[in-house]
Amino acid sequence: MTQRSEDTTHFGFETVPESEKAGRVQGVFNSVASKYDVMNDVMSMGIHRIWKDAMMDWLSPRPGQRLLDVAGGTGDISFRFLKRAGYGHSTVLDLTAPMLEEGRKRAEAAQMADSLDWVTGDAMALPFKDNTFDVYTISFGIRNVTRPQEALNEAYRVLKPGGRLMVLEFSQLPNPAMQKAYDLYSFNVIPRMGQMIANDYDSYQYLVESIRNFPDQDTFLSMLREAGFANAKYRNLSLGIAALHSGWKI
Numbered sequence: 001m002t003q004r005s006e007d008t009t010h011f012g013f014e015t016v017p018e019s020e021k022a023g024r025v026q027g028v029f030n031s032v033a034s035k036y037d038v039m040n041d042v043m044s045m046g047i048h049r050i051w052k053d054a055m056m057d058w059l060s061p062r063p064g065q066r067l068l069d070v071a072g073g074t075g076d077i078s079f080r081f082l083k084r085a086g087y088g089h090s091t092v093l094d095l096t097a098p099m100l101e102e103g104r105k106r107a108e109a110a111q112m113a114d115s116l117d118w119v120t121g122d123a124m125a126l127p128f129k130d131n132t133f134d135v136y137t138i139s140f141g142i143r144n145v146t147r148p149q150e151a152l153n154e155a156y157r158v159l160k161p162g163g164r165l166m167v168l169e170f171s172q173l174p175n176p177a178m179q180k181a182y183d184l185y186s187f188n189v190i191p192r193m194g195q196m197i198a199n200d201y202d203s204y205q206y207l208v209e210s211i212r213n214f215p216d217q218d219t220f221l222s223m224l225r226e227a228g229f230a231n232a233k234y235r236n237l238s239l240g241i242a243a244l245h246s247g248w249k250i
């Protein structure tokens, strides 16, 4: 009997066994954890804060809601959510413990301590019961998941009926010339800035490559629908450099 070969996946532009990807991603984020917020500035040319505010505008948090913030590391989305809601609760889940530690150090974390939980866990196997949360967010994290469809299936499982999913992720520009110009910036500038800021060229090179491997807006929208989400839609941000995807568990 021949042994079945292991499934493979992308790690940047490299093809690796699925069993290796999570460990490699952890290595990247262990490396960049202390500079993660600076990294987002480098990756987005400083615009990620505007994108996150746009996410909250569309999400429109309500008082008393329970949020699961997956790949939520340093707490950016959770802090915004709780401020907008007025009161509520957020569980920040991340695969990488040093990212959660960086989040706990932030001033907002101390101010909102009673409304926050910090959990180490895997987006593809969430350690929560069915129908637990009102809102599920994942911001610049789903492209690092080994099997994104499984993460979306898990999101659907843990959301309450009437619950909402929102995904913020780097995406694809619809204009080929603009995409080429952005790629030139991404591949030539971002890794070098990573070297200068965090003394880490390779992690930033992976992050750029991971953006190019991620499905385009319409393909990812079909994945939301496959997971069961209704009223699934997306909005481009900054012409498609990033995109917001939204869906509901009906």
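Heads up, the final residue of the sequence shown is numbered 250 in full-length UniProt numbering, and it's a clean run with no missing numbers. Ideal placement from N, C-alpha and C gives every residue a C-beta, glycine not left out.
According to DSSP, residue pairing for N236 in a beta bridge involves A243. Ranked by Cα distance from G163, the options D134, T146 and R147 are led by D134. For P161, there is no enclosing alpha helix (DSSP H); the residue is part of the beta strand (DSSP E) that begins and ends at L159 to F170.
Distance check between L224 and each of K249, R212 and I211 places K249 closest, using alpha-carbon atoms only. Looking at the DSSP output, W118 shares a beta bridge with V92. Assignment of T146 by DSSP, reduced to helix, strand and coil, places it in the coil class. The beta carbon of M193 sits closer than 8 Å to those of V42 and Y204, all from its chain and outside the five residues before and after it, given in chain order. G86 is the residue among A71, Y201 and G86 whose C-alpha sits nearest the C-alpha of S60. With fewer than three CB-CB distances shorter than 8 Å, the stretch 94–112 does not count as touching the stretch 151–166. Sequence-distant Cβ neighbours of Q217 in its own chain, meaning closer than 6 Å and more than five residues away, are S171, Y234 and A243.
Sequence-distant Cβ neighbours of I47 in its own chain, meaning closer than 7 Å and more than five residues away, are S238. The residue from H89, R212, S44 and M124 with its alpha-carbon nearest to that of A113 is H89. In this structure, DSSP gives N231 an extended state, which the three-state scheme calls strand. In the three-state reduction of the DSSP assignment, I77 falls in the helix class, which pools H, G and I. In this structure, the beta-carbon distance from E169 to F140 falls below 9 Å. Just so you know, the alpha carbons of P174 and I142 end up roughly 21 Å apart.
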